[in-house]
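According to the working numbering, the sequence shown is numbered sequentially starting from 3.
Structure record follows, encoded as structure tokens.
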Amino acid sequence: MHSAPHATSGLHPDLTGTPTGDLTDHPPLGPAGGAPSADPPENTLLPLTELDDEIERLGVPVPCRTYDPEVFFAESPADVEYAKSLCQTCPVREACLAGAKDRREPWGVWGGELFIQGVVVPRKRPRGRPRKNAVAA
């Protein structure tokens, strides 16, 4: 159904197979830290195309193709937890998570886990500085 492999790891096709999102909003591919990958791009993209093929073979809707892709790259901790919950019943959850770990996805929810700088983290911290402890007057 897809005519070309994904251009970035953060770009998800919608149900019609046309890309959604803006390529300029996504970090470059490569290992955490921004260093270019030593592997050619074809090696990085192969697992994504294999996952796409598996999703098409299943013939059932999966959350990342059914819901707005932006929810899987949300800024708010509540939205990230919602995205993680959507993945819990996905039939390709394990393959998605394994591929994201192999690719060291720079950010987003993949296979029900949150990735930040290529590492799985338990939860997203809210933006801004943490609150100071209350000072007794």
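Think of the CB as a built atom: it goes at the ideal place given N, C-alpha and C, for glycine as much as any other residue.
Quick caveat: nothing in here was measured; it's all calculated off a predicted structure.
Item: Phe117 to Glu83, Cα distance in whole Å?; Value: 12 Å
Item: Does the separation of the CB atoms of Arg63 and Leu88 fall below 8 Å?; Value: Reading off the sequence, residue 63 comes out as Pro, not Arg. Cβ atoms of Pro63 and Leu88: not closer than 8 Å.
Item: Which same chain residues, not among the five before or five after Arg95, have their C-beta less than 7 Å away from its C-beta?; Value: Cys89, Gly113, Gly114
Item: Taking all protein chains shown into account, do 16 or more other C-beta atoms lie within 10 angstroms of the C-beta of Arg105, making it buried, or fewer, making it exposed?; Value: buried
Item: Do Pro79 and Lys134 come within 8 Å of each other at the CB atom, strictly closer than that value?; Value: no
Item: Check the DSSP bridge columns for Leu116 and list the partner residues they point to.; Value: Val111, Val123
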